[in-house]
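Residue numbers for the first sequence follow the working numbering, so the first one is -13 and each next one is one higher. Report on the structure given below.
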Amino acid sequence: MLKRTVYCGELRAEHEGREVVLCGWVHKTRDMGHLVFVDVRDREGLAQIVFQSDRPELVEEAKKLRNEFVVGVRGLVRRRSAVNKDLPTGEVEVEAVELRVFAASKVPPFVIADPPQASEELRLKYRYLDLRRPKMQRHIRLRHEASLAVRNYMSRNGFLEIETPIMANPTPEGARDYLVPSRIHKGRFYALPQSPQQFKQTLMISGFDRYFQIVRCFRDEDLRADRQPEFTQIDIEMSFIEREEFFALNEGLMEAVFALTGRKLARPFPRLPYAEAMEKYGSDKPDLRVPLEMLDLTAVGRDGSSDVLKAAIAAGGELKGLLVPGAGTLSRSRLDKLGDKAKALGAKGLVWIRKQDGWKSSLKLADADFEKIWAALGGADADLALLVADKKATALKALGEIRRTWPMEDAARWANLEFCWVTDFPLFEWSEEEKRFVSMHHPFTSPHEDDMGLLETSPGKVRAKAYDLILNGVEVGGGSIRIHDMALQRRVFRSLGLADSETEEKFGYFLEALSYGAPPHGGIAFGFDRLVMLLAGEESIREVIPFPKTTSALDLMTGSPSAVSDRQLDDLGLKLK
RNA sequence: GGGGUCGUAGUUCAGUUGGUUAGAACGCCGGCCUGUCACGCCGGAGGUCGCGAGUUCGAGUCUCGUCGGCCCCGCCA
């Protein structure tokens, strides 16, 4: 057995004259006849091996090598006659004196190279080959380094990493659970945790004070570029905290993580109340790199000349405006496309206004109205104004989406890291489906002190001590100050329309635990996959998860999920419908 | 659950208004080549056009269904 003495990617000029052994995969061969070059790849990079005519039997062996063969090579490191500047190892090469083929390989379905010349479908089916690509190797390593940075930072700050059960109880609120049938107790089920929420709060009650965990969570909902059915959280909980102090701790964590890519963060991160975020950006996760803000123009519309706007406002709607500087020259077809987008998001229409040789607009308005709108938005001649009159939420969403996806020309700004804390979320939101209020965050979130009186009278107006951490329009974390008083916890459950008996059944142990001296506490959970995605500059978490699932929750490599035998079902007391 | 988009050689794609033998590049195979690194040159093999129905004299192309990839809405305490 040839034992590796150095990684291919670590070969440097300083190794000149030494005998080394490299182990790795054949990346590429260049056969010159009496001279053969072979690039060998391992997890650190590429090295060039040269087989030359003073060892004709070795040259013959080398000619038989094909891509992705696994080889060991013993040889002498020497300087190249011509340096390859594109390769970190490009100053040297290894003159082979011994070659061992550990394993041959079939011709791979795609060439292992960056960028891959293969569809994502094929990459996922042959993930073990895709993961050989240098870029994927970097991503997986970055993931490791990020988890190390988290563990070091948290430990340094007095937090203990504590494991919690993967087989837990189903959660009545929130996402759909993945269920695990119990063989011993037929007809009963464990659920994979959507998060370790109750366990980490229980740990606070147990006195562990500062807890964290890098932990897998499971939610049986539809997938997206940033959502997988199983994902990893950095879960944190802490007792005796105040919000600001806790924010600072978490900002420090982000600092430690982003230091991995040499990025410095501006601290403290801006704080943005939920209501303001919605008003200005039409989103609870605004991308602050986009320098556009919405404005309310309802008063202008109500008193104005347009029956269309008046009718929309009279029906309980609002008029929202977005000024886009310098976009006054946009073509009609582009404007129409924006209108289509607004309609796709549920708005009845999109009004555009520009000021070139007089007012131009998709809606007839009196000049006085144009003047008022323009003044309110602070428009200049080259600008474009976009307006939506509709139900408030619809108008904000439609314009907010146009804002979010506005093509940014300022590349430097696009490279910024714009963090912000979105705070003061509503405690509840109305569920049309269930005809009741449901928790916007989760039912253990503490209401704002000032709004306690509204819990029974107008639950929709109660603000929560909940917060999300947003980075460039991506929700990277969310948490809250929790309820640590049993009586208040019961009140919140009642506001959710849960009967005491029901609460007892579903949260019984936890309510009892709260009555044995629960410290004030709160916490947060970060989406670890999303953080690593942003660190890597990727737009899908699949790029930083070794074995992800497709948007239909299939694992194309293993074929999971799969059918099970009748025997297995029988053991569990289950029958398929 | 809904909308959009894609599916043609091993791979990435092209393929006109439905019309002869479905093309290109890369990869692969064989040959040549002593300094290549996107090696080069010569030659070659390789196709259930995702699957199933339908329309038609004739379907890669049109219609319907279905499976799969991706994006989005709903959903995601």
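The beta-carbon is built from N, C-alpha and C at its ideal position, and this holds for glycine as well.
In this structure, how does DSSP classify residue i when only helix, strand and coil are distinguished?
i: W360; result: helix
i: V63; result: strand
i: I527; result: helix
i: T443; result: helix
i: S225; result: strand
i: K186; result: helix
i: L372; result: strand
i: A89; result: strand
i: I152; result: coil
i: R124; result: helix
i: E608; result: Given that the chain is displayed from residue -13 to residue 563, the structure contains no residue 608 and the question cannot be resolved.
i: V276; result: coil
i: K563; result: coil
i: H470; result: coil
i: D17; result: strand
i: D293; result: helix
i: V550; result: coil
i: A522; result: helix
i: Y(-7); result: coil
i: V97; result: coil
i: V310; result: strand
i: Q38; result: coil
I'd like to confirm the pairing. Which residues does DSSP put opposite residue i in its beta bridges?
i: K341; result: W345
i: P167; result: F175
i: E216; result: F204
i: P393; result: In the DSSP output, where bridge partners are listed per residue, P393 has none listed.
i: L305; result: A375
i: S425; result: F414
i: G483; result: According to DSSP, which records beta bridges pairwise, G483 is partnered with nothing at all.
i: H507; result: S225
i: P433; result: A450
i: G31; result: D28
i: Q180; result: In the DSSP output, where bridge partners are listed per residue, Q180 has none listed.
i: G463; result: L455 and F512
i: G58; result: C9 and R86
i: R210; result: R213
i: F405; result: L457
Use the C-beta contact count for residue i: other C-beta atoms within 10 angstroms, 16 or more gives buried, fewer gives exposed.
i: D367; result: exposed
i: Y260; result: buried
i: V550; result: exposed
i: R318; result: exposed
i: I531; result: buried
i: F88; result: exposed
i: Q554; result: exposed
i: L44; result: buried
i: W407; result: buried
i: L110; result: buried
i: S292; result: buried
i: T315; result: exposed
i: S466; result: buried
i: Y495; result: exposed
i: K535; result: buried
i: D313; result: Residue identity check: residue 313 is Ala in the sequence provided, not Asp. Flag for A313 reads buried.
i: Q183; result: buried
i: I339; result: buried
Taking 7 Å as the cut-off, decide whether the C-beta atoms of residue i and residue j are in contact.
i: A48; j: F37; result: yes
i: R196; j: M240; result: no
i: V286; j: I359; result: yes
i: P190; j: H507; result: Before going on, a small fix: residue 190 reads as Met here, not Pro. Going by C-beta atoms, M190 is nearer than 7 Å to H507.
i: D515; j: I527; result: yes
i: L455; j: G463; result: yes
i: T150; j: F96; result: no
i: R422; j: D437; result: no
i: L403; j: P433; result: no
i: L440; j: A371; result: no
i: Q199; j: D221; result: yes
i: R129; j: D100; result: no
i: A362; j: L283; result: yes
Within 6 Å: the Cβ of residue i and any heavy atom of the ligand FMN?
i: I220; result: As presented, the structure is devoid of all ligands, the ligand FMN included, so that no description of it is given.
Does the segment 545 to 554 come close enough to the segment 123 to 134 that 3 or more CB-CB pairs lie under 8 Å?
-> Contact between the segment 123 to 134 and the segment 545 to 554 is absent, because fewer than three Cβ pairs lie under 8 Å.
Do the segment 376 to 393 and the segment 329 to 342 make contact, defined as three or more Cβ pairs closer than 8 Å?
-> Yes: at least three Cβ pairs fall under 8 Å.
Looking at C-beta atoms only, is the number of pairs between the segment 61 to 80 and the segment -3 to 5 that lie closer than 8 Å three or more?
-> At 8 Å Cβ cutoff, the stretches touch.
Do the segment 240 to 256 and the segment 132 to 143 touch if we need at least three Cβ pairs shorter than 8 Å?
-> Output reads yes: the segment 132 to 143 touches the segment 240 to 256.
Should the segment 150 to 167 be regarded as contacting the segment 200 to 209, the criterion being three or more beta carbon pairs within less than 8 Å?
-> Touching, yes, given that three or more Cβ pairs across the two stretches are closer than 8 Å.
Cβ contact check for the segment 344 to 361 and the segment 383 to 402: 3 or more pairs under 8 Å = Touching, no.
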